[in-house]
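Have a look at the structure below, then the notes.
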Amino acid sequence: MKLIFKGDQTNIKTAVDKANEILNNPAFFEEIKKIPAFYNTQLTPVQISDILRDAKQDVQVETYWRLNPFRPGTCVNAKTVSATLIKLNTRCFSNNLKTAVNTLIHESVHAADFLDGNWDFTHVDNSNEGEEDGTAPWMIGKLAEQFV
Numbered sequence: 003m004k005l006i007f008k009g010d011q012t013n014i015k016t017a018v019d020k021a022n023e024i025l026n027n028p029a030f031f032e033e034i035k036k037i038p039a040f041y042n043t044q045l046t047p048v049q050i051s052d053i054l055r056d057a058k059q060d061v062q063v064e065t066y067w068r069l070n071p072f073r074p075g076t077c078v079n080a081k082t083v084s085a086t087l088i089k090l091n092t093r094c095f096s097n098n099l100k101t102a103v104n105t106l107i108h109e110s111v112h113a114a115d116f117l118d119g120n121w122d123f124t125h126v127d128n129s130n131e132g133e134e135d136g137t138a139p140w141m142i143g144k145l146a147e148q149f150v
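Per the working numbering, numbering of the sequence shown is gapless, rising by one per residue and ending at 150.
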């Protein structure tokens, strides 16, 4: 998998470059395999690591800016639209490199999941109050921070 960003925001470009470096690092996938299990999936960490490692699609990273008028205090920083498109909300996207890479890798896990209609290794919803922490996107995104 390769993330492609054609925008001019340097913080996003830097984060995308670092995320691509991690997605090409065999040690990253070996570390995923060491995770005992993921919540909310029947797939093993070995299977998910292999799916993510073997995913060959280019994923476009686009930006948008949005305020939720019904919940102005909350902000969704990214959404994976398909196996080939991630959208980042620049209103909320972090300038902290570790956090930004975590988000990009988290969304890359969703993109890999979307490659096949039968796989399911995502989380239940986008309002994480701790119950999503054990899911593949959250754990793999957090793991990626160690490679920054």
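Quick reminder that beta carbons are idealized off the backbone N, C-alpha and C, glycines included.
| field | Assigned exposure category for I14 - 16 Cβ within 10 Å defines buried | value | Taking the sequence shown and counting its residues from 1, the one referred to as residue 14 is at position 12. That one is buried.
| said: Rounded to whole angstroms, what is the Cα-Cα separation between Q59 and I24? | reply: Residue 59 sits at position 57 when you count from the first residue of the sequence shown. Residue 24 sits at position 22 when you count from the first residue of the sequence shown. One C-alpha to the other measures close to 16 Å.
| query | Would you say the region 80–92 touches the region 27–36, given that touching needs at least three Cβ pairs under 8 Å? | reply | Fewer than three pairs of CB atoms, one per stretch, sit closer than 8 Å, so the region 80–92 makes no contact with the region 27–36.
| request: Compute the beta-carbon to beta-carbon distance between I53 and W121, rounded to the nearest angstrom, for a pair I have assumed lies under 8 Å. | output: The count along the sequence shown starts at 1 and reaches residue 53 at position 51. The count along the sequence shown starts at 1 and reaches residue 121 at position 119. Confirmed, Cβ separation roughly 7 Å.
| Simplified DSSP assignment, three categories, for I14 | Along the sequence shown, one-based indexing puts residue 14 at 12. Correct three-state label for I14: helix.
| request: Inspect the beta-carbon positions of T124 and T92 and report whether they are closer than 9 Å. | output: Position 122 of the sequence shown, counted from the first residue, corresponds to residue 124. Position 90 of the sequence shown, counted from the first residue, corresponds to residue 92. Result no, Cβ atoms of T124 and T92 do not sit closer than 9 Å.
| task | Can you tell me which of D115, A57 and T105 puts its alpha carbon nearest to the alpha carbon of E147? | result | Your numbering for residue 147 matches position 145 in the sequence shown. Checking every option, the nearest Cα to that of E147 belongs to T105.
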